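>
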Amino acid sequence: MSDQSVVDQKAPEEQEDKQSSDGESTADDMPPLEDIKYDDQTDESLKKKNIVIPEDKPQPKPAEDGWLDVLDNGELKKFVLTAGAVGQPRPERGCIVAIKLIAKLFDTQEVLESESHDLIDVIVGESDLFQGLDLIIPLMDQKEVARVVVSSRFAYGKTGVPDVVPPNATLDCELHVVSVRWMDEDFVLPIVDRIRIGNRKKERGNFWFARQEYSTCIQCYKSGLKLLDATEDELESVDGNEMKEHLDQQMKGLQKDGEDEAKVKELVDIRCTTYNNLAMAQMKIEDFNGALKSVEAVLVSQANNVKALFRRGKILAEKGELEQAIESLKTGLRLDPDNKAIAQELNKYGNKRKKELVTERDLYKRMLQLDKSSTDPSKGIQSNSSDNKWRKWSLIGGAVTASLAVVSALTYKFIQ
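All residue numbers in the sequence shown are consecutive under my numbering, ending with 707.
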């Protein structure tokens, strides 16, 4: 059984390369950003969005037949096979839980090798596997073994997993909670574990990205980055508090703590890839401010990262900052002169900026023509007249206002 689901998918950077080579911008045709507010929505609307919000209610009790119907609708059920450490604290959101999992198709009882795990660490509530497990694990005792039936709604839905899980498939699982670790403020994972879990979360984010489930994808990337960024103790080893926010200084802190240089480099590489992928997902939901922060995090550690420079240029262009976008793309093209995708975007934004400059120049020209006509004696206007001076500056002021209005309109178009 594998430690990571095997599916046919492409990471965000691979999708971007393919689309760019076809002459299409990957930031185009992005779905609108949906701002979900849990407290403003009804239970019915949440069900339609496949969102379940745990409530502070007494723990549900099994029926007479021993089955616990978690949601009272038959879509998520649990049956205890082996009792665990009753009375001990149960796993909570954010805990690292080591589990064993055997996943089968409910209808055929076929074992799904790629969805089963001999032993795997998951962080509760972070979509490391599928949603049903995030809801079931907090209802289990340590060492407990249970049979869990998960409807497609809380597994892989209408899409399924190509060549693995059919669409609309109900899963029948045997789940064993082996151990639980609480991640309090003093808990620090070794760098080897942070690399292993962080990389798996990046891969899981790629899985959700390929399914176009961008909110879940972003959650996976961000939870992985929590492990791939430096801890507070590691930051304390960096000289100068003002440098703590910089990711390259975080890595120096790791090296001062005696971490293996190769492991530190591996962590940096995975983190930069994750930030790059996160930026792509944020662009898909039109969170350009968040995407810009993500690529900037890459460039702090790897200033010559061509993918980050490319995406930074596209993000800035979407925000209406064309001059900065062009500079970022030029830097990327200098580093990778044969990159056709960058050359194409640079040409597109360069032409767009030229048109803006022509518009601005025409406005200024009209403004100067107004200034000239107001002082032309052939027009019968006395230039030394206080009345005409007032008229002259009124006309100039109007022209300036008009030009500012046009520039503001252009800016608004790209940053709203």
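Positions of the beta carbon are idealized from the N, C-alpha and C atoms, including for glycine. Since the structure is predicted, the reported quantities are computational estimates derived from the model, not experimental observations.
1) Could you name the residues of the same chain whose beta carbon sits closer than 6 angstroms to that of K368, not counting the 5 residues immediately before and after it, in chain order?
2) Quick check on the DSSP output: the beta strand (DSSP E) that includes K389 runs from which residue to which?
3) Which whole runs of the alpha helix (DSSP H) in the region 554-608 are 4 residues long or more, in chain order?
4) Under the three-state reduction of DSSP, which class applies to W499: helix, strand or coil?
5) For I509 and A572, I'd like the C-alpha separation in whole angstroms.
6) State buried or exposed for K556, treating a residue as buried only when at least 16 other CB atoms are found within 10 Å of its CB.
7) Is the beta carbon of L626 sitting closer than 9 angstroms to the one on L648?
8) Could you spell out the range, first to last residue, of the alpha helix (DSSP H) harbouring D425?
9) Could you compute how far the alpha carbon of A446 sits from the alpha carbon of R652?
10) According to DSSP, is R438 helix, strand or coil?
11) Which stretch, first to last residue, makes up the alpha helix (DSSP H) that contains L620?
12) Apart from the five residues on each side of it in sequence, which residues of its chain come closer than 8 angstroms, Cβ to Cβ, to D320?
13) Considering only the alpha carbon of each residue, which of V597, N642, E609 lies closest to L620?
14) By how many angstroms is the C-alpha of K395 removed from the C-alpha of R603?
15) Whose CA, out of R381, G489, R495, lies closest to the CA of Q422?
16) In three-state DSSP terms, what is S407?
17) Using the three-state DSSP reduction, which class does S418 fall into: helix, strand or coil?
18) Determine the DSSP secondary structure at V471, reduced to helix, strand or coil.
19) Using the rule of at least 16 other Cβ atoms within 10 Å of the residue's Cβ for burial, across every protein chain shown, is E552 buried or exposed?
20) How about H467 and I414: do their beta carbons lie closer than 9 angstroms?
21) If I'm right that A594 touches A582 with Cβ under 8 angstroms, what's the distance once you round it to whole angstroms?
22) Taking contact to mean at least 3 C-beta pairs separated by less than 8 angstroms, is the region 400-409 in contact with the region 473-491?
23) Run the CB neighbour count on Y640, radius 10 Å, all protein chains shown included, and call it buried at 16 or more, exposed below.
24) So, are the CB atoms of I606 and V586 less than 9 angstroms apart?
25) Does DSSP put T450 in a helix, a strand or coil?
26) Whose C-beta lies closer than 6 angstroms to the C-beta of D454 among residues of the same chain, with five residues either side of it excluded?
27) With respect to the beta strand (DSSP E) encompassing T461, which residues constitute its N-terminal and C-terminal limits?
28) Helix, strand or coil for D484, going by three-state DSSP, please let me know.
29) On the CB-based measure, 16 or more other CB atoms within 10 Å of its CB, does Y655 come out buried or exposed?
30) Per the DSSP calculation, F370 is bridged to which residue(s)?
31) Tell me, to the nearest whole angstrom, how far the beta carbon of K643 is from that of L613; I am working on the premise that it is less than 8 angstroms.
32) Is D653 helix, strand or coil when you go by DSSP?
33) At which residues does the alpha helix (DSSP H) containing S443 begin and terminate?
34) Measure the C-alpha to C-alpha separation of V371 and L392 and round it to an integer number of angstroms.
35) My understanding is that I488 touches K554, with C-beta atoms under 8 angstroms, so please give their C-beta distance in whole angstroms.
Inspection of the coordinates gives the following:
1) W358, D360, V440
2) Before going further, note that residue 389 is Ala rather than Lys in the sequence given. Start and end: 387-396.
3) 579-592
4) helix
5) 7 angstroms
6) exposed
7) no
8) 422-427
9) 58 angstroms
10) strand
11) 613-626
12) For D320, the predicted model reports a pLDDT of 40, less than 50, meaning its position is unreliable and no value from the coordinates is stated.
13) V597
14) 43 angstroms
15) R495
16) coil
17) coil
18) strand
19) exposed
20) no
21) About 18 angstroms; that fails the 8 angstroms criterion.
22) no
23) buried
24) yes
25) coil
26) none
27) Run containing T461: none; DSSP gives neither H nor E here.
28) helix
29) exposed
30) W358, R438
31) 6 angstroms
32) helix
33) No alpha helix (DSSP H) holds S443; DSSP gives it neither H nor E.
34) 14 angstroms
35) I488 to K554, Cβ: 14 angstroms. No contact.
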